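A quick write-up on the structure given underneath.
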Amino acid sequence: MSHVKGSNLLNRHAFVKEKFDPDAWDRVLASLADNDARLLSPRILASSWYPFDLYNRLDLAMCQVLAGGDLELCRTLGVDSARRALSGTYRLYLKDGAEAILRRLAVLHRSFYDSGSLDVTYLGPGQCAIRTVYVPRSTLTNCLVAEGFYRTVVEMCGGLEVQVSEGNCSAHGARFCLFNVRWEDTVTTHPPA
994 MSHVKGSNLL
1004 NRHAFVKEKF
1014 DPDAWDRVLA
1024 SLADNDARLL
1034 SPRILASSWY
1044 PFDLYNRLDL
1054 AMCQVLAGGD
1064 LELCRTLGVD
1074 SARRALSGTY
1084 RLYLKDGAEA
1094 ILRRLAVLHR
1104 SFYDSGSLDV
1114 TYLGPGQCAI
1124 RTVYVPRSTL
1134 TNCLVAEGFY
1144 RTVVEMCGGL
1154 EVQVSEGNCS
1164 AHGARFCLFN
1174 VRWEDTVTTH
1184 PPA
């Protein structure tokens, strides 16, 4: 069974508390199966590991309860996750530009997921491919979160006209997810490989 770090779930909790009414988190928890709700209440521990499937069910429940089933909320969750990640410890990476921080995503991935992998291939100025393996597989909600996350990371580094598209998706039977990221680069530094 795959797991995610509790800090990922705490980010979801903080997002709901900041963006929705005071009872929104309780409504999301009430929509989950009892076992899932118990894992998320009364407290989520940042350093603990939680089932990856729970993480995906939480995202889906948030879309259903808070957005009337609109999965676009997942991209917004990705935006929020990137902003939270890059406003803390990892904010120092922003000055190095999009290419540098995207290359570091593999290390970040291992910090927050106990299985699977993430590899970034630089394809030239302002473009890369991000190959992600989720165990056992990704979900549509997870991929939408990733799209929002990658786009926001590049934008926070000064990238303009950012486009993220998913070519392969393990949620649809592919062996891995493949995201193509393109942007107009405003930073001309060349980070270490």
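Numbering follows the numbering used here, in which position 139 of the sequence shown is assigned residue number 1132; successive positions increment by one, without gaps. Don't be surprised by glycine CBs; every beta carbon is placed ideally from N, CA and C. Since we're looking at a predicted model, the values are computed, not measured.
| query | The alpha helix (DSSP H) spanning Leu1053 covers which residue range? | reply | Looking up residue 1053 in the sequence shown gives position 60. Note, Leu1053: alpha helix (DSSP H), Phe1045 to Ala1060.
| request: Can you have a look at Thr1082 and say buried or exposed, based on whether 16 or more other CB atoms are within 10 angstroms of its CB? | output: Here residue 1082 is taken as the residue at index 89 of the sequence shown, counted from 1. Classification of Thr1082: exposed, given that the 10 Å Cβ count is below 16.
| field | Residue from Cys1150, Leu1098, Ser1024 and Phe1045 whose Cα sits closest to the Cα of Gln1057 | value | Locating residue 1057 in the sequence shown gives position 64, where the first residue counts as 1. Taking only the C-alpha atoms, the option nearest Gln1057 is Ser1024.
| Can you list, in chain order, the residues of its chain whose CB lies under 6 Å from that of Gln1120, leaving out five sequence neighbours each side? | Your numbering for residue 1120 matches position 127 in the sequence shown. Cβ neighbours of Gln1120 beyond the five flanking positions: Arg1175.
| said: Could you pull the DSSP bridge partners for Thr1114 from this structure? | reply: Here residue 1114 refers to the residue found at position 121 of the sequence shown. The partner list for Thr1114 (beta bridge, DSSP) reads Ala1122.
| field | Cβ contact (3+ pairs, closer than 8 Å) linking the segment 1121–1130 and the segment 1089–1102 | value | yes
| heavy atom of the ligand NAD below 6 Å from Lys998 C-beta | For the structure depicted, the ligand NAD is absent and the ligand set is empty, with no information on it obtainable.
| Can you name the residues that DSSP bridges to Cys1170? | Mapped onto the sequence shown, residue 1170 falls at position 177. DSSP, once it has assigned bridges, lists Thr1125 as partnering Cys1170.
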